[in-house]
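Going by my numbering, the final residue of the sequence shown carries number 653, and the count climbs one at a time with no gaps.
Glycine residues also receive a C-beta, built at the ideal position from the N, C-alpha and C atoms.
Here is the structure we will look at, set down as structure tokens.
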Amino acid sequence: MDSIIIQKFGGTSVKNTERIFNVANIIAESYQKGYHVLAVVSAQGDHTDELLAKANEINPKANLRSKDLLLSTGEATSAALVAMALEKLGLPAIPLMGWQCGVETDTHYGSAHIKRINTERVLSEFAKGNIVVMAGFQGVNIFNDITTLGRGASDTSAVAMAAALKAEICQIYTDVDGVFTTDPRIVPNAKKLDFITYDEMLELATLGANVLHNRSVEIAKKYHINLEVLSSITRKQGTIVQEIVSADKSPVRGVAKDEDIARISIIGVPDIPGIAFKIFSKLSSKNINVDIILQSIGRNGTKDISFTVVKSNLDTTLGLLKDYITIIGASNIVTDCNVAKVSIVGAGMEFQPGVASKMFEALYQNDINIQMISTSEIKVTVLVNKENANQAIRAIHAAFF
Ligand code: ADP
Ligand code: ASP
Ligand code: MG
253 MDSIIIQKFG GTSVKNTERI FNVANIIAES YQKGYHVLAV VSAQGDHTDE LLAKANEINP
313 KANLRSKDLL LSTGEATSAA LVAMALEKLG LPAIPLMGWQ CGVETDTHYG SAHIKRINTE
373 RVLSEFAKGN IVVMAGFQGV NIFNDITTLG RGASDTSAVA MAAALKAEIC QIYTDVDGVF
433 TTDPRIVPNA KKLDFITYDE MLELATLGAN VLHNRSVEIA KKYHINLEVL SSITRKQGTI
493 VQEIVSADKS PVRGVAKDED IARISIIGVP DIPGIAFKIF SKLSSKNINV DIILQSIGRN
553 GTKDISFTVV KSNLDTTLGL LKDYITIIGA SNIVTDCNVA KVSIVGAGME FQPGVASKMF
613 EALYQNDINI QMISTSEIKV TVLVNKENAN QAIRAIHAAF F
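Below, the structure is given as structure tokens:
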């Protein structure tokens, strides 16, 4: 067989010696079936957080290039250890850094995007009969510097390698049995999904379901990657992410939560044309993504504009707007970090009326106030107080499942 399989193992799957041997056994099974195996590994357990804490201890304002070099060592450690375990099992394995696997990225340290993958080295290792154990989450830019791809992005390394190598399947091994109707750690009776569409998974991942990195789903959709999410511990049948899934009884496939956001409100802007353009073009010029946007009706010649940004962009956003709002004639700017986004996602909701109102009813029955609402064909998102977020998830999940 000349088929290629990509198997990605998250932090909990490689957190200690026992788990590393467990992973080595999973890889060995595929190798013995005749697959060329590329295993992509994450840093062990909370290693990335520990490295970040160390960096902050020394210099919280350290330049991002140094930070990326530091963070890349977490995945390098895992790759070397997993390769050593395979060697112990008597299998030929070689650990490689992202750059050695040809992952070329842009220069955005900390959240680089993959531009191109040169598969030469990996293919030559396959030709020699080697299992490749690759450090996920990283690549190299045009300056020959190591970059990282964003938190949780080992998934993206794996799916991108699957696309470049035209792999038969890409398996994402994690610490839950697959993709659930919501985070099973918040709602213990959440249901495991056998299938989910790329579009639904992309929305869920973007809206906070970190079981898959959202860019990994984007790539999987674009290149029709045969993607499966499953547990490295229970080894049960996981969740298949694919183009089309047969209609379900429920119009909602999943519920997600995102607490990594802040709300910004610009108060008392003049009620004249061009204001929204001026504000949001200012932000987009600095690559700041805004999410839910709400504008009030003008009254007495002024109105308010509110929107959300990811927390890591809050300081930059305020820096850009602080002086600018006086120039455009607004009176004040206020922020709130104590908020969370709660969303329902499902391709079926487009054709079923009443889905949003059922969600709002569940919140009303739990006395949870909605600050902002945003909808698309396949999702409804509300902004609520952070303290209410888990209760909101449970109430909404109970209403639909
Ligand atoms: P890994 O280290 O394997 O990449 P992550 O912690 O990144 O694992 O992702 C797995 C976690 O995602 C689960 O432990 C779970 O708490 C969380 N999660 C959030 N939403 C969902 C969901 N809808 N289905 C499954 N897991 C989810
Ligand atoms: N180790 C990195 C992180 O913790 C990447 C990953 O796990 O996917 O974000
Ligand atoms: Mg992850």
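Spell out the partners DSSP gives residue i in its beta bridges.
i, result
"Arg515", "Thr560, Asp588"
"Arg551", "Thr554"
"Pro347", "Val385"
"Ala412", "Paired residue(s): none; Ala412 is not in a bridge."
"Asn637", "Val591"
"Tyr425", "Phe261, Leu482"
"Gly506", "Val597"
"Ser324", "None; Ser324 has no bridge partner."
"Gln494", "Thr449"
"Arg368", "Glu356"
"Thr627", "Val632"
"His299", "DSSP, once it has assigned bridges, lists no residue as partnering His299."
"Gly660", "Nothing about residue 660 can be read from this structure; the chain reaches only from 253 to 653."
"Lys444", "Phe432"
"Gly391", "Thr399"
"Ile256", "His288"
"Val293", "Phe261, Ala387"
"Leu546", "Ser558"
"Pro673", "Lying outside 253 to 653, the shown extent of the chain, residue 673 is not represented and no answer is given."
May I have the straight-line CA-CA distance separating residue i from residue j, to the nearest angstrom?
i, j, result
"Gly600", "Ala405", "29 Å"
"Ile398", "Ala614", "47 Å"
"Ala589", "Gly460", "In the sequence as presented, Ala is not what sits at residue 589; that position holds Cys. Answer to the nearest angstrom: the Cα atoms are 16 Å apart."
"Leu333", "Leu572", "45 Å"
"Ser468", "Tyr475", "11 Å"
"Lys260", "Arg373", "19 Å"
"Ala337", "His360", "34 Å"
"Asp298", "Thr578", "44 Å"
"Thr329", "Thr627", "43 Å"
"Leu348", "Ala331", "7 Å"
"Val542", "Glu511", "15 Å"
"Asn618", "Phe612", "10 Å"
"Gly286", "Val463", "29 Å"
"Ile448", "Ile492", "6 Å"
"Ile580", "Ile540", "19 Å"
"Leu456", "Lys593", "12 Å"
"Ser657", "His365", "Past the boundaries of the shown model lies residue 657; the chain is included only from 253 to 653, so the question cannot be answered."
"Gly490", "Lys555", "49 Å"
"Lys444", "Gln604", "23 Å"
"Leu343", "Ser484", "20 Å"
"Ala290", "Thr269", "According to the sequence shown, residue 290 is Leu rather than Ala. Straight-line Cα distance between these residues: approximately 20 Å."
"Phe432", "Asp451", "15 Å"
"Phe559", "Ile622", "14 Å"
"Ala345", "Phe378", "10 Å"
"Ala514", "Val561", "6 Å"
"Asn688", "Ile645", "In the structure displayed, the chain extends from 253 to 653; residue 688 sits before or after that span and is not available."
"Pro440", "Tyr576", "47 Å"
"Glu602", "Phe532", "29 Å"
"Gly598", "Pro503", "6 Å"
"Ala442", "Leu479", "21 Å"
"Asn277", "Ser294", "17 Å"
Taking all protein chains shown into account, do 16 or more other C-beta atoms lie within 10 angstroms of the C-beta of residue i, making it buried, or fewer, making it exposed?
i, result
"Gln296", "buried"
"Thr486", "exposed"
"Ser255", "exposed"
"Arg505", "buried"
"Lys367", "exposed"
"Leu454", "buried"
"Tyr616", "exposed"
"Lys631", "buried"
"Ile477", "buried"
"Lys306", "exposed"
"Lys380", "exposed"
"Gly550", "exposed"
"Glu327", "buried"
"Leu535", "buried"
"Leu401", "buried"
"Ser324", "buried"
"Ile369", "buried"
"Lys509", "buried"
Just to confirm, does residue i get its C-beta within under 6 Å of one of the non-hydrogen atoms of the ligand ZN?
i, result
"Gly262", "In terms of ligand content, the structure shown lacks the ligand ZN and carries the ligand ADP, the ligand ASP and the ligand MG instead."
When the cut-off is 7 Å and only beta carbons count, does residue i lie next to chain D?
i, result
"Glu302", "No chain D appears in this structure, which consists of one protein chain only."
query = Are the segment 492-500 and the segment 562-572 touching, with three or more C-beta to C-beta distances below 8 Å?
reply = The answer is no - the segment 562-572 does not touch the segment 492-500, with fewer than three Cβ pairs under 8 Å.
message = For the segment 404-419 against the segment 355-367, do three or more pairs of beta-carbon atoms, one drawn from each stretch, fall closer than 8 Å, so that the two count as touching?
response = Yes: at least three Cβ pairs fall under 8 Å.
query = Can you find at least 3 beta carbon pairs, one from the segment 310-330 and one from the segment 420-427, that sit closer than 8 Å?
reply = Between the segment 310-330 and the segment 420-427 there are fewer than three C-beta pairs closer than 8 Å, too few to call the two in contact.
query = Do the segment 519-536 and the segment 596-612 make contact, defined as three or more Cβ pairs closer than 8 Å?
reply = No contact exists between the segment 519-536 and the segment 596-612.
request  = Could you say if the segment 433-447 and the segment 379-397 meet the contact criterion of at least three C-beta pairs nearer than 8 Å?
outcome  = No, they do not touch.
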